[in-house]
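Here the structure comes first, spelled out in structure tokens, and everything after it is commentary.
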Amino acid sequence: MRKDIHPENYRLVAFKDMSNEDVFITKSTAEAKETITVDGVEYPLVKLEISRTSHPFYTGKTKLVDTAGRIDKFKNKYKKFSKEEKQAE
Numbered sequence: 022m023r024k025d026i027h028p029e030n031y032r033l034v035a036f037k038d039m040s041n042e043d044v045f046i047t048k049s050t051a052e053a054k055e056t057i058t059v060d061g062v063e064y065p066l067v068k069l070e071i072s073r074t075s076h077p078f079y080t081g082k083t084k085l086v087d088t089a090g091r092i093d094k095f096k097n098k099y100k101k102f103s104k105e106e107k108q109a110e
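Laid out in structure tokens, this is it:
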């Protein structure tokens, strides 16, 4: 095996799912600016938008995640094609 090709900074890091506040700890080399205390131990914190506890594939539940009003923009853009609009005219 070649030497000096693997990162040296593996450490325990806390990952926090911001959609449901779930926190899990694993080894990682991910850089983090914030820290969090879990069970009296301080860990570097990496924030996630979605994880295994909130992703529909793993949970089996459909969850609507609206980022920056994308759904509203879509509805406004295609409102003129809806059946209700045509019936009102």
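First residue of the sequence shown? That's 22 in our numbering, and the numbers climb one at a time after it. Glycine residues also receive a C-beta, built at the ideal position from the N, C-alpha and C atoms. Just so we're clear, the structure is a prediction, and the values are computed from it rather than from any experiment.
The continuous alpha helix (DSSP H) containing Arg91 extends over residues Arg91 to Lys98. Boundaries of the beta strand (DSSP E) harbouring Glu63: Val62 to Leu69, taken from the DSSP string.
Here Ala51 is exposed, its C-beta having fewer than 16 other C-beta atoms within 10 Å.
Excluding its 5 nearest sequence neighbours in each direction, Tyr64 has C-beta neighbours in its own chain below 7 Å: Leu33, Val34, Ala35, Ile46, Thr56 and Ile57, listed in chain order. Under the three-state reduction of DSSP output, Lys104 falls in the helix class.
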